[in-house]
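So in our numbering, the last spot in the sequence shown is 263, and the numbers never skip. No residue lacks a Cβ here, since even glycine has one placed at the ideal position from N, Cα and C. All values reported here derive from a predicted model rather than from experimental measurement.
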Amino acid sequence: MQQNAQVEKRSRGRPQVRSDEETRRVIIDAANDQFKKAGYASASISTIAQTAGVSTKTLYRLFPAKADLFSDVISTKISRYFLGLDSQSLSGLSLQEGLERLLAAYGRLTLSSETIIITRLVLSESDRFPEIASVFYEQAIKRTSKAMEDWLTRQVELKAVRLDDVPLATGMLRGMMAMEPQRAVMLGQVSDISDDEIIARARACAHLFVDGCIRMNEGS
């Protein structure tokens, strides 16, 4: 009995081992909160480490620079909201249905309160820290554009739609879906965009796009 008690005591006293992957996730969540609260320049690495329950040495081992941490915060957010909509999840849907789902996912990403806070942060601090503008452009803008372009290219290959310039069409769809409501929130004209509004806007944008493509192809 005494031996078992000693073994139990030793096991309880051992710190729980956490994998680097799990530690990275905890640090990214802590960094996301810190960036939102303090901005990029004032974000404290020591506070992020303390919140995540790790040493600054561990944090710097996994993220050598603050820009690396910011990059992973953006990348994680994009992946959670948008990149989960891969080609398989959209297969079997009509052009209209697939585009609605794609645009709704894009709307939930770009019009979320967290994304708008990060967008404001980038716009306000990019002059002093051009690296965060580069991170945002590469991780947020180019990655979401690529996902949408790949899907539209596949629709062209399937002859579901005819497009002469897929990147141009992608840019038009992105702007039509998000630009006006995002500006309204960022300028304080509305507090937020509800999910029902995002779905309704995605449906309207998809209908306008598909109908316009049909008319254009019929006239050619």
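Taking C-beta atoms as the reference points, M229 and C248 fail to come closer than 7 Å. Residue M191 holds the alpha-carbon nearest to the alpha-carbon of A212 among E65, P224 and M191.
Collapsing the DSSP output to three states places Y83 in coil. Counting the other Cβ atoms within 10 Å of the Cβ of R244 gives 16 or more, which makes it buried. In the DSSP annotation of this structure, E181 is not part of any alpha helix (DSSP H), being labelled neither H nor E.
Counting the other Cβ atoms within 10 Å of the Cβ of L166 gives fewer than 16, which makes it exposed. Nearest neighbour of S114 by Cα position, chosen from V97, N75, A148 and R197, turns out to be N75. In terms of CA proximity to G231, I159 leads the group L201, Y180 and I159. Around the beta carbon of V116, 16 or more other beta carbons lie within 10 angstroms, which makes this residue buried. Secondary structure remark: continuous alpha helix (DSSP H) runs of at least 4 residues inside the region 104-176, in chain order: 109-121, 130-133, 138-153 and 156-168. Residue range I88 to A95 is occupied by the alpha helix (DSSP H) that includes Q93. Per DSSP, D193 is one residue of the alpha helix (DSSP H) stretching across R186 to E200. Per DSSP, R205 is not a residue of any alpha helix (DSSP H), being assigned neither H nor E.
An exposed status is given to K80, since fewer than 16 other beta-carbon atoms sit within 10 Å of its beta-carbon. Counting C-beta atoms within 10 angstroms of its own C-beta, Y124 has 16 or more neighbours from the protein chains shown and is therefore classed as buried. Here the alpha carbons of E223 and V233 stand approximately 11 Å from one another.
In the three-state reduction of the DSSP assignment, R61 falls in the coil class, being assigned neither a helical nor a strand state. Using a 10 angstroms sphere on the CB of K100, the tally of other CB atoms stays under 16, which defines it as exposed. By the criterion of a C-beta distance shorter than 6 Å, R186 is surrounded in its chain by I121, once the five residues flanking it on both sides are discounted. Burial check for I175: the Cβ neighbour count within 10 Å reaches 16 or more, so the residue is buried. Within a 10 Å sphere around the beta-carbon of A84 sit fewer than 16 other beta-carbons, which makes this residue exposed. The three-state secondary structure of L102, taken from DSSP, is helix.
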